[in-house]
Amino acid sequence: MQLPSDGDQSGRTLGPEEVARLAAVIERGTLNSTRGVEVDEFERGFADWLGTGHAVACASGSAAVHVCIQTLGLRAGDEIITTPITDMGALTPILYEGGIPVFADVDPKTLNVTAETVAAQLTARTKAIIVTHLFGLPCEFDAILALAKEHDLPIIEDCAQAYGATWRGQKVGTFGTLAAFSLQQGKHITTGEGGIATTNDPILARRLFLAVNKAWGYGDAKPDHYFPALNYRLSELQGAVANAQLPKLNDVIAKRRAVAAALREQLTDVAGLDLPGDTEHATHTWWKFAFGVDADVIDGGAVELGGRMRAAGVACAPRYVQKPAFECELFQDWSKSSVTAMPLAHSPRRDGPMPPFSRADYPGAVAGLERVVVLPINERYTDAHIAHVASVIRESVGALARA
Ligand SMILES: *Cc1c(COP(=O)(O)O)cnc(C)c1O
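Using the working numbering, you'd call the opening residue of the sequence shown number 55 and step up by one each time.
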């Protein structure tokens, strides 16, 4: 059975609304956002949808993270605590601003950072915390918020995978000082590539705007280029698609929640699986359905089970990103690129172990990756798709069940 894929029309909520908006932009002939109207409208609409004061659209989720970091005004060697289980686009911007990403371990069950793991990485040089709500499940936020408050540290929420997810009934992206979302092909809503950064603080909102616009002071009495920044603008064409996507977002979220609930329902009695879901205070909005596999019950664990699922035609990613981010090549020899060498040269960590982060200190991340199978689901799954995926999982588990 062919399953709907977020890589094409089958698994995306794209239709005549997007086509009509796009056609109108092309007919107007203004394809950039500085002279257009679509991106402004999307920014206002998105801020309203989120329930925050300001939103600034940009070229990608990575750009959104980058501009959030730019508002912090880092000094060389400053540290930002983040997670080793995330998209690289959320990490390299720290280095480009002269900062050092300092990795907090994660809860092996959710692969999210916790207050304890973040606290363990605090130093005098910590300037911010980036919290990623992985797969669409909010991190356990109360203690993290309390920790940030106690140490007077801003939180940047990476909500690329967690549109509309809530903590105690309030949307993620509204708790931190800043938040970043991605509009890349595989996210809840998409413009192919794109992103949006949000904040409730008007001064930071102005800095976000500048960071997307080469820091040129549009509208100021004596404009200048105030700080180093790139052209990170979303185009008018992408803005048009975004405006057609945004009204569909709540429905996309509701449908993903229904798909996940049905899948859970059909798998609850399968021994050896640890199924994801809402937690006491958090609602999950299902970028992916990431479940744990108990290798004591299912022979070969996540890798074997994922392999069997794939052989049966159900795409999935055992071990998700395969390795913690600090094991990627760019974090091995920090002298190889000025982007890594520069911040390190300004940090006492230069005299410490090299590479600065190693697997032995991250038992949660290692165990979490070992046990996880990331199953793509999307809003276009029908009951038949769900039943098919559930039966493939059930049969694959059956074939591997230890006696
Ligand atoms: C997708 C993603 C990003 C980066 O977004 P791009 O649009 O691909 O640059 C950042 N963080 C997380 C958690 C993501 O899932």
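We put the CB at the ideal spot given by N, CA and C, even for glycine.
- By the C-beta criterion, the segment 112-127 is judged not to be in contact with the segment 323-334, since fewer than 3 inter-stretch pairs fall below 8 Å.
- Residue nearest to Ile-440 within the set Pro-147, Ala-315, Arg-413 and Ala-269 is Ala-315 (criterion: CA-CA distance).
- In this structure, the straight-line span from the alpha carbon of Val-446 to that of Leu-188 is close to 25 Å.
- Annotated as distal: Ala-169 and Leu-207, with beta-carbon spacing of 8 Å or more.
- In the structure shown, Gln-386 adopts coil according to DSSP, grouped into three states.
- As DSSP reads the structure, Asp-328 sits in a beta bridge with Gly-346.
- At a Cβ-Cβ threshold of 8 Å, Ile-135 and Val-156 count as neighbours.
- Shown here, Asp-94 sits in a helix according to DSSP, grouped into three states.
- Shortest gap from the CB of Glu-247 to any heavy atom of ligand 1: under 7 Å.
- Annotation for Lys-309: the continuous alpha helix (DSSP H) segment containing it runs 303-321.
- In this structure, DSSP gives Gln-239 a state outside helix and strand, which the three-state scheme calls coil.
- Taking all protein chains in view, the Cβ of Arg-98 is surrounded by fewer than 16 other Cβ atoms within 10 Å, so the residue is classified as exposed.
- Rounded to the nearest angstrom, the gap between the Cα atoms of Cys-370 and Leu-199 is 33 Å.
- Our two residues, Gly-190 and Val-393, have alpha carbons roughly 30 Å apart in a direct line.
- By the neighbour-count criterion, in which a residue is buried when 16 or more other Cβ atoms sit within 10 angstroms of its Cβ, Val-73 is exposed.
- Non-local C-beta neighbours of Met-55 in its own chain, meaning closer than 8 Å and more than five positions away in sequence, comprise Gly-367, Ala-438, His-439 and His-442, ordered along the chain.
- Taking the CA atoms as reference points, Glu-194 sits about 44 Å from Ala-77.
- At the C-beta level, Val-121 and Ala-251 come within 8 Å of one another.
- Note on Ile-80: under 16 other CB atoms within 10 angstroms of its CB, so exposed under the neighbour-count rule.
- The beta-bridge partner set that DSSP reports for Trp-341 is empty.
- In terms of CA proximity to Ile-431, Ala-444 leads the group Gly-422, Leu-423, Ala-444 and Gly-249.
- For Asp-196, the enclosing alpha helix (DSSP H) stretches over residues 195-204.
- Rounded to whole angstroms, the gap between the alpha carbons of Ser-401 and Glu-211 is 25 Å.
- Remark: the C-beta of Thr-140 is in contact range of ligand 1, defined as less than 7 Å to any heavy atom.
- The alpha carbon of Val-91 has as its nearest neighbour, out of Glu-247, Trp-340, Ser-289 and Arg-364, the alpha carbon of Ser-289.
- Shown here for His-279: same chain residues with a beta carbon closer than 7 Å to its own, the five before and five after excluded, namely Lys-268, Ala-269 and Trp-270 in chain order.
- By the C-beta criterion, the segment 234-246 is judged to be in contact with the segment 56-75, since at least 3 inter-stretch pairs fall below 8 Å.
- Going by C-alpha positions, Ala-130 is about 36 Å away from Val-428.
- Of the residues Leu-85, Gln-239, Lys-276 and Gly-152, the one whose Cα lies closest to the Cα of Leu-291 is Leu-85.
- Non-local C-beta neighbours of Glu-151 in its own chain, meaning closer than 7 Å and more than five positions away in sequence, comprise Ile-123, Gln-124 and Leu-128, ordered along the chain.
- In the DSSP assignment, Val-160 falls outside any alpha helix (DSSP H), carrying neither H nor E.
- Nearest to Ala-219 by alpha-carbon distance, out of Thr-177, Gln-63 and Trp-341, is Trp-341.
- Looking only at Asp-196, Ile-209 and Thr-337, the smallest Cα-Cα distance to Leu-126 is reached by Ile-209.
- DSSP places Thr-168 in no beta strand (DSSP E); its state is neither H nor E.
- Relative to ligand 1, Lys-241 has its C-beta within less than 7 Å of a heavy atom.
- When only Cα atoms are considered, Ser-450 and Val-313 end up about 20 Å apart.
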